[in-house]
Amino acid sequence: MDDQLYDAPAAITQEEFMRLFSQHSRRIYQFILTLTINRADAEEIYQSTCVILWKKFAEYDPAGSFYAWACKMAQFECLQLRRRNRRLQAFSEDVLNLLAEQAMARVERIDARQNALADCLSKLKPRDAQLVDQRYYEERAPKDIARLQSISVHAVYRALARVHMSLRDCLTRALAQEHRS
């Protein structure tokens, strides 16, 4: 019984790490690729970053952004590789830091847009949400949607155009409001 209590926090930590890492792994790799000259270097840095993230996960503050924390670790790994390998010293550390800063800012803008889009999608009328699901998540062709809903293909295209405009307007308002905040 005591062994189960002792192992539970480690299992929760492992599960939480895997959830966060799975959610952000592709973006972490993209961040690293932004800072490196070629894919081979990016792969090497990504692998070492993965190991470091796992080893240092206990130091991660759950109140903060896992992605930002992981990118800081990756940036440090890029600097370490750069210091060890003269071929990678084409950029100064200042340039590397500026690239990292710009990459993080770009990701934050993308995250803001994705969050705003998710919010706008949640506000769609059920029929419009169903149309979006069928077209983009189920990847159904408009002619298949028309057959399923017993409407014309032209009606599907009109409805999609209306939903696109509605989402665009909602996104524009949400991002403008966030920019004012």
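Heads up, the sequence shown is in numbering that gives the first Met the number 0, so the first residue is 0 and it goes up one at a time.
Glycine included, C-beta positions come from ideal geometry on N, C-alpha and C.
All of these numbers come straight from a predicted model, not from anything done at the bench.
| query | Based on Cα-Cα distance, which residue from LEU95, ALA102, ALA111, ALA158 lies nearest to LEU126? | reply | Start at 1 with the first residue of the sequence shown, and residue 126 comes out as number 127. Just to set this straight, residue 126 is Arg in the shown sequence, not Leu. Comparing alpha carbon positions, the residue from LEU95, ALA102, ALA111, ALA158 closest to ARG126 is ALA158.
| Are there 16 or more other CB atoms within 10 angstroms of the CB of LEU52, so buried, or fewer, so exposed? | Walking along the sequence shown from the start, residue 52 turns up at place 53. The residue in question, LEU52, is buried, as its Cβ has 16 or more Cβ neighbours within 10 Å.
| query | When we look at the beta-carbon of HIS163 and count the other beta-carbons within 10 Å, is it buried (16 or more) or exposed? | reply | Within the sequence shown, numbered from 1, the residue matching residue 163 stands at position 164. By the 10 Å Cβ count, HIS163 comes out exposed.
| Can the beta-carbon of CYS77 be found closer than 8 Å to that of ILE36? | In the sequence shown, counting from the first residue as 1, residue 77 sits at position 78. In the sequence shown, counting from the first residue as 1, residue 36 sits at position 37. It is not a contact, given that the beta carbons lie outside the stated cut-off.
| query | Would a C-beta distance cut-off of 8 Å place ILE27 and CYS70 closer than the cut-off? | reply | Within the sequence shown, residue 27 is the residue found at index 28, counting from 1. Within the sequence shown, residue 70 is the residue found at index 71, counting from 1. Result yes, Cβ atoms of ILE27 and CYS70 sit closer than 8 Å.
| For ARG83, which residues of its own chain have a beta-carbon under 8 Å away from its beta-carbon, when the five flanking residues on both sides are left out? | Along the sequence shown, one-based indexing puts residue 83 at 84. Excluding residues within five positions, none has a Cβ falling inside 8 Å.
| request: State the start and end residues of the unbroken alpha helix (DSSP H) segment that holds THR171. | output: Position 172 of the sequence shown, counted from the first residue, corresponds to residue 171. Start and end: 152 to 179.
| task | Just confirm the distance between the C-beta atoms of ILE44 and LEU98, as a whole number of angstroms; I'd bet it's less than 8 Å. | result | Position 45 of the sequence shown, counted from the first residue, corresponds to residue 44. Position 99 of the sequence shown, counted from the first residue, corresponds to residue 98. With a Cβ gap of about 13 Å, ILE44 and LEU98 do not count as contacting.
| field | Run of the alpha helix (DSSP H) containing ASP118, from where it starts to where it stops | value | Sequence index remark: in the sequence shown, residue 118 carries index 119 (1-based). Residues 92 to 121.
| Cβ of ASP132 within 8 Å of Cβ of ALA173? | Locating residue 132 in the sequence shown gives position 133, where the first residue counts as 1. Locating residue 173 in the sequence shown gives position 174, where the first residue counts as 1. Not in contact: ASP132 and ALA173 (Cβ atoms no closer than 8 Å).
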